[in-house]
């Protein structure tokens, strides 16, 4: 097998397994070198199906390179490298190896040419991401990881059922564009959407991700939802159902993030919000929209990781994640504050940042397709992103009231990772051509027109004004907001508890009645057959003898008389 | 005596930031008169559309979230019992 045909995903997974047994400097070198080396392999591979494997009568294509797959493999590997740098001083030994297996799974999905290879890498991601969660090793993360893995194994079962039905119906395992018009394709779509954080299964994400370590959440934010975006772009471009699903996700993310108190949960809700923009774009389905969804996934991974690195640095230094405990940190964490603000501007699509050049392609596609309600929805949501993430996150963590905490900026590796990702956010914003050249379709779009820049600045500026005018309505409280996970975290256990109690009570009542009946029966038997019972009296045998004698006597008297 | 607060959090600076911010918003709205947006739906090309639309939709989302919060908010140790 030549290097051309090596599966890059498996290369990273192999490196991760080596990493698990390495210690010291060698481990640190491999953490930084492995993702970049695999990235070089991806870029050395020509386009096309590079590897064929026979499996149960089908020809699998575990490595198939094209522009779309390479774009996602590239950002997954950049993310693994940046996350690895940020986590270089992470003392939980399993976390980074698990995160690299997880990233390898994501790269494997991005380059999988058939549905079976895709499924294998998909499940590797589910298991490895659970290990990333577990490596925090406390009660909350263990419980959240157990709920997380159950949702994803359920999603995996639905996906596998869909793949089996689809392969059975079409005779082909190839992963190409589909339409949701059969049981198989619907099940595949639902399996993909569960990983995207779509309703009604959005709650797994804000439930699980914020329970990981300060660096674990950075890795978790990148791979699962964005591989879901990738498979939706390739598998279901133009599936109209994705437009309302995506719009629901953008507003769900905003509203829940507005109500949230934990800084990492705010950012977790905003992942769903951002993925909603991408899912809407995929539903629109034009070349501009698909380019926009792909570009936005790329930029989103960078600025979301940056935001979670800033939040992770705060957690690392203070041990706190609740907005009610934080505030005023800008005074002692200037670099973290600055990088957090860059991430916040990028997620808000502020001009001259990466989010501006990617998200606006989706809005433009909605306008070009004359989808008025979609365009007005996305524009309102763009304002809402600034509200819930762009201002709310930096304001409540780094400014607002002074918490009195004076933590320092984090160690050099964490600072360097943040600076690199912040530079990427601004670099892509200033020079979007490099990103546009990587997109699956030719780009005919100019983000920087005077009208577009001024319109966006107006939208964001007045969103900011609304934030500060309405600040009294957004006072932080020590609360969470109920979501659909209430069904399996509260209603389910309560129902099982109530049913169990009813069964115990019924069982107890039934046993009680049987025991009473048995006791009565025994009393009756005792009354007749007991020591003093009718049938147990020794008197009766004497009486019988006397009666017999009397009868015989009478008989004799009658006979001889 | 407590040390002087950071310049950014002094009341005078905060007042200045409000004045500067509002002036900036006014300039942004005024600049809208000099651009020629390519309006597809009509209303989005009207003067000051993004300003009032951004403010109004954000206010609606904040109020909407507040109302939803009355129904769905619980103490943050809700699931621990």
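Residue numbers (the working numbering), protein chains in the order written: chain D, 9 to 569; chain A, -14 to 66.
Where a beta carbon is used, it is the ideal one built from N, C-alpha and C, also for glycine.
Small disclaimer: the values here were computed from a predicted structure and weren't measured.
Please list, in chain order, all residues of the same chain as residue -14/A whose beta carbon is under 7 Å from its beta carbon, the five residues on each side excluded. For residue -14/A, the predicted structure reports a pLDDT of 45, less than 50, and the residue's modelled location is therefore unreliable. A value from the coordinates is still provided. Here the set comprises nothing.
Quick check: is the beta carbon of residue 463/D nearer than 9 Å to any beta carbon in chain A? Yes, contact with chain A.
Using a cut-off of 9 Å between C-beta atoms, extract the partners of residue 5/A located in chain D. Proximity of chain D to residue 5/A at the Cβ level (cut-off 9 Å) is not reached, the minimal Cβ distance being about 12 Å.
Look up residue 56/D in the DSSP assignment and give the residues it is bridged to. 73/D.
Between which residues of its own chain and residue 19/D is the CB-CB distance below 6 Å, once the five residues before and five after are set aside? Here the set comprises 46.
Contacting positions in the region 407 to 430 of chain D - beta carbon closer than 9 Å to chain A: Interface annotation for the region 407 to 430 of chain D against chain A: 407, 410, criterion Cβ-Cβ distance under 9 Å.
Between residue 218/D and chain A, is the shortest Cβ-Cβ distance under 9 Å, so that the two count as touching? Not closer than 9 Å to any Cβ of chain A, the Cβ of residue 218/D fails to qualify, so no.
Do we get a CB-CB distance below 9 Å when we pair residue -4/A with the residues of chain D? No, because no Cβ of chain D sits closer than 9 Å to the Cβ of residue -4/A.
My output table needs one value for residue 314/D: the three-state DSSP class, helix, strand or coil. Reduced to three states, the DSSP call for residue 314/D is helix.
For residue 229/D versus residue 307/D, is the C-beta spacing smaller than 9 Å? Contact: no.
Can you round the beta-carbon distance between residue 355/D and residue 301/D to whole angstroms, since I take them to be within the 8 Å contact cut? Not confirmed; about 16 Å, so no contact.
Interface residues of chain D around residue 36/A at Cβ under 7 Å? Chain D residues near residue 36/A: 466, 470.
Any idea if residue -8/A is buried or exposed, counting beta-carbon neighbours within 10 angstroms, 16 or more meaning buried? Counting the other CB atoms within 10 Å of its CB gives residue -8/A a total below 16, which places it among the exposed residues.
When we look at the beta-carbon of residue 225/D and count the other beta-carbons within 10 Å, is it buried (16 or more) or exposed? Note on residue 225/D: 16 or more other CB atoms within 10 angstroms of its CB, so buried under the neighbour-count rule.
Give the straight-line distance between the Cα atoms of residue 150/D and residue 141/D, rounded to the nearest whole angstrom. Cα to Cα, residue 150/D sits roughly 7 Å from residue 141/D.
Is any beta-carbon of chain D found at less than 9 Å from that of residue 25/A? Answer yes: the Cβ-Cβ gap between residue 25/A and chain D drops below 9 Å somewhere.
When the Cα atoms are used, what is the spatial distance from residue 23/A to residue 391/D? For residue 23/A and residue 391/D, the distance between alpha carbons rounds to 20 Å.
Excluding the 5 residues flanking residue 222/D on each side, which residues of the same chain have their C-beta closer than 7 Å to its C-beta? So the qualifying residues of the chain are 320, 323, 324.
Count the other CB atoms within 10 Å of the CB of residue 97/D; is the residue buried (16 or more) or exposed (fewer)? Within 10 angstroms of the beta-carbon of residue 97/D lie fewer than 16 other beta-carbons, which makes it exposed.
Could one say the Cβ of residue -7/A lies closer than 9 Å to chain D's Cβ atoms, at least one of them? Interface residue, yes.
Rank 180/D, 197/D, 398/D by C-alpha distance to the C-alpha of residue 279/D and give the top, closest one. For residue 279/D, the closest of 180/D, 197/D, 398/D by C-alpha to C-alpha distance is 398/D.
On the DSSP letters alone, give me the boundaries of the alpha helix (DSSP H) that residue 509/D sits inside. Boundaries of the alpha helix (DSSP H) around residue 509/D: 500 to 537.
What does the Cβ neighbour count give for residue 86/A, buried or exposed, with the cut at 16 atoms within 10 Å? For chain A, the structure presents residues -14 to 66; residue 86/A sits outside this window and is missing.
Is there a C-beta anywhere in chain D that falls below 9 Å from the one on residue 8/A? Not closer than 9 Å to any Cβ of chain D, the Cβ of residue 8/A fails to qualify, so no.
Starting from the C-beta of residue 312/D, find all residues in its chain whose C-beta is less than 8 Å away, skip the five residues before and the five after it, and write them out in chain order. The beta carbon of residue 312/D is closer than 8 Å to those of 229, 230, 275, 278, 279, 282, 351, 355 in its chain, skipping five residues each way along the sequence.
Enumerate in chain order the residues of its own chain whose CB-to-CB distance from residue 43/D is below 6 Å, with the five nearest sequence positions on each side excluded. Within the same chain, Cβ atoms closer than 6 Å to the Cβ of residue 43/D are found at 85, 88, 89, the five residues on either side in sequence being excluded.
Would you give the residue range spanned by the beta strand (DSSP E) that residue 488/D belongs to? Judged by DSSP secondary structure, residue 488/D falls within the beta strand (DSSP E) whose first and last residues are 487 to 489.
DSSP has residue 66/D in a bridge; who is on the other side? Looking at the DSSP assignment, residue 66/D forms a beta bridge with 63/D.
Output, in sequence order along the chain, the residues in the region 310 to 331 of chain D whose CB is closer than 7 Å to any CB in chain A. From the region 310 to 331 of chain D, no residue has a Cβ closer than 7 Å to chain A.
For residue 220/D, which residues from the same chain have a beta carbon less than 7 Å from its beta carbon, with the 5 sequence-adjacent residues on both sides left out? For residue 220/D, same chain residues with a beta-carbon under 7 Å away, outside a window of 5 residues either side, are 140, 141, 144, 149, 228 in chain order.
When DSSP builds the beta bridges, which residues end up paired with residue 59/A? The partner list for residue 59/A (beta bridge, DSSP) reads 488/D.
Quick one: grab the DSSP three-state call for residue 410/D. Reduced to three states, the DSSP call for residue 410/D is coil.
Counting only beta-carbon separations shorter than 9 Å, does residue 387/D have a partner in chain A? Residue contact check for residue 387/D against chain A: a CB pair falls below 9 Å.
With a threshold of 16 other CB atoms inside 10 Å of the CB of residue 394/D, please say whether the residue is buried or exposed. Result: buried.
Under 6 Å Cβ to Cβ from residue 80/D, same chain only, skipping five residues before and after it: list those, please. Closer than 6 Å at the Cβ level, and outside the excluded window around residue 80/D, lie 118, 238.
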